[in-house]
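Undergrad:
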Amino acid sequence: MTDAQPPLEPAGQPILDRLAFEKVTATHRRELKLHCYRMMGSLHEADDLVQETLLRAWRARSEFDGRGSVRGWLYMIATNACLNAIKARSRAHRILREPGRPPSHGAAIGGPVADIAWLEPYPDAELPDIAGSEPGPEARYESREAVQLAFVAAIQDLPPRQRAALLLADVLGWSAVETARLLGGSTASINSALQRARATLAARYPQGRPASRSRPSPEEGLLLERYMQAWQAANLDSLIELLREDAIYTMPPWREWYQGREAIRGFFETVWPRFGGFRTLATRANAQPAVGVYSRSHDGPEWRAHSLHVFDAGEGGIASLTIFIGPLGPSLFPAFGLPPA
20 MTDAQPPLEP AGQPILDRLA FEKVTATHRR ELKLHCYRMM GSLHEADDLV
70 QETLLRAWRA RSEFDGRGSV RGWLYMIATN ACLNAIKARS RAHRILREPG
120 RPPSHGAAIG GPVADIAWLE PYPDAELPDI AGSEPGPEAR YESREAVQLA
170 FVAAIQDLPP RQRAALLLAD VLGWSAVETA RLLGGSTASI NSALQRARAT
220 LAARYPQGRP ASRSRPSPEE GLLLERYMQA WQAANLDSLI ELLREDAIYT
270 MPPWREWYQG REAIRGFFET VWPRFGGFRT LATRANAQPA VGVYSRSHDG
320 PEWRAHSLHV FDAGEGGIAS LTIFIGPLGP SLFPAFGLPP A
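Just remember that my numbering sits 19 ahead of the position in the sequence shown, which is counted from 1.
Okay, here's the thing in structure tokens:
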């Protein structure tokens, strides 16, 4: 088997005491959390499910006889926990924007929408080492591209079992035989699920897959710096210059989204005058540049958490910009190590 991480550990001894259990599972905690995030599209649900996974594993430790891999056993528990959680959901899969909704123009109408399950970003500080490593030959996605916000959004469109199969086989590099053993069912059924999942993702991308992401570059760092300066100066011209002509802007938990420089300009022209200024702090999310933005009112001195920004720096500027605004955005600040004010 191949993987971005080291291969599944060889068979060991049964895990019987708490200290041994915590020592073994600690090495897998971050990758399990990322797996749960990819399955669920939610940072908060991933936190809960990795806790549930470790609790279930501890309670079932006597069933692990040491003949298999601890890592594979934990992934089986985590994947099944995610599939059960998805079944119990009252809402549909998580999204960045509503399917079929046309782009907006001018001011946003309405307000935050609570009855939609919105996709959440993932802090780079929580990524395991696989974020910068090369996957094995059986994996179809590089580790960094399989963390991107657009990729996580795309796989939410897959039926849960297809999503799980694709993550195990094409992201982690497990064979169809190993994936079938973990998910249950035949190798043929897994191969069929993989074929359908791959076709769905290929249809989402003009090039058949997300754009490959390298490690942060000096150019990306300069773009981030200019982006932050534009916000702090409330210089709309400078902000728009950083966008590609066909840039897409989404703003969970609002339904509205905008496409193209002029449409995005039109939106911000209606919003920025309402505030007395902005301040920014750099961070990273989903292996992409991110910014925590703070705002204050015209008559108030206090800077408060306003929004969390994640952008995709493509050729020619920012290709997509997602701004998680209130109440969702500020609620994410603690997970990114950002102060609330």
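C-beta: ideal position from N, C-alpha, C; glycine also. Keep in mind that this is a model prediction, so the values were computed, not measured.
(1) Would the beta-carbon of R303 fall within 8 Å of that of Y313?
(2) Find out if the Cβ-Cβ distance for the pair P359, F352 is shorter than 8 Å.
(3) Tell me which residues share the same chain as A136 and place their Cβ nearer than 6 Å to its Cβ, disregarding the 5 neighbours each side in the sequence.
(4) K42 to L51, Cα distance in whole Å?
(5) With a CB to CB cut of under 8 Å and the five nearest residues on each side skipped, what residues in its chain are close to G319?
(6) Looking only at C-alpha atoms, which of D189, R180, L53 sits nearest to Q70?
(7) Rounded to a whole number of angstroms, what is the C-alpha to C-alpha distance between F286 and G279?
(8) List the endpoints of the continuous alpha helix (DSSP H) containing R116.
(9) Give the single residue among R293, G333, P272, A100 whose Cα lies nearest to the Cα of F343.
(10) In terms of residue numbering, what span does the alpha helix (DSSP H) encompassing W77 cover?
(11) Quick one: grab the DSSP three-state call for L143.
(12) Assign T44 to one of two classes, buried (16 or more other C-beta atoms within 10 Å of its C-beta) or exposed (fewer than that).
(13) Can you tell which of W193, I259, V171, F297 has the C-alpha that lies nearest to the C-alpha of M59?
(14) How big is the Cα-Cα spacing for R57 and Y268?
(15) Can you tell me whether G151 is helix, strand or coil according to DSSP?
(16) State the DSSP-derived secondary structure class of P179, mapped to helix, strand or coil.
(17) For a quick check, are the C-beta atoms of A338 and W291 less than 8 Å apart?
(18) Going by alpha carbons, who is nearest to A184 out of R298, G130, R159?
(19) Taking the beta strand (DSSP E) that V329 belongs to, which residues open and close that run?
(20) Roughly how many whole angstroms lie between the Cα atoms of R49 and L146?
(21) Near M270, which residues of its chain fall below 6 Å by C-beta distance, leaving aside the five closest residues on each side in sequence?
(22) Skipping 5 residues on each side, what residues in its chain have a beta carbon closer than 8 Å to that of G125?
(23) Residue ranges of each beta strand (DSSP E) run of no fewer than 3 residues wholly in the region 212-279, ordered along the chain?
(24) Thinking just about the alpha-carbon of each residue, which of V196, W77, H63 is nearest to the one in L38?
(25) Between E197 and P179, what straight-line distance do the alpha-carbon atoms span, to the nearest angstrom?
(26) Quick check on the DSSP output: the beta strand (DSSP E) that includes V310 runs from which residue to which?
(27) When you compare each of A301, R245, Q181, R274 to E117 by their alpha carbons, which one comes out closest?
(28) Could you tell me which residues DSSP puts in a beta bridge with I174?
(29) From G203 to F355, what distance separates their C-alpha atoms?
TA: Well, looking at it:
(1) no
(2) yes
(3) R110, R113
(4) 15 Å
(5) G295
(6) L53
(7) 11 Å
(8) Run containing R116: none; DSSP gives neither H nor E here.
(9) P272
(10) 62-78
(11) In the sequence as displayed, the identity of residue 143 is Asp instead of Leu. Helix at D143.
(12) buried
(13) V171
(14) 22 Å
(15) The pLDDT assigned to G151 is 46, lower than 50, so where the model puts this residue is not dependable; a value taken from the coordinates is nonetheless given after this. Note: G151 maps to helix in three-state DSSP.
(16) helix
(17) no
(18) R159
(19) 323-333
(20) 6 Å
(21) I342, I344
(22) G285, F286, T289
(23) 262-269, 276-278
(24) W77
(25) 18 Å
(26) 307-315
(27) R274
(28) Note: I174 sits in no beta bridge, so no partner.
(29) 36 Å
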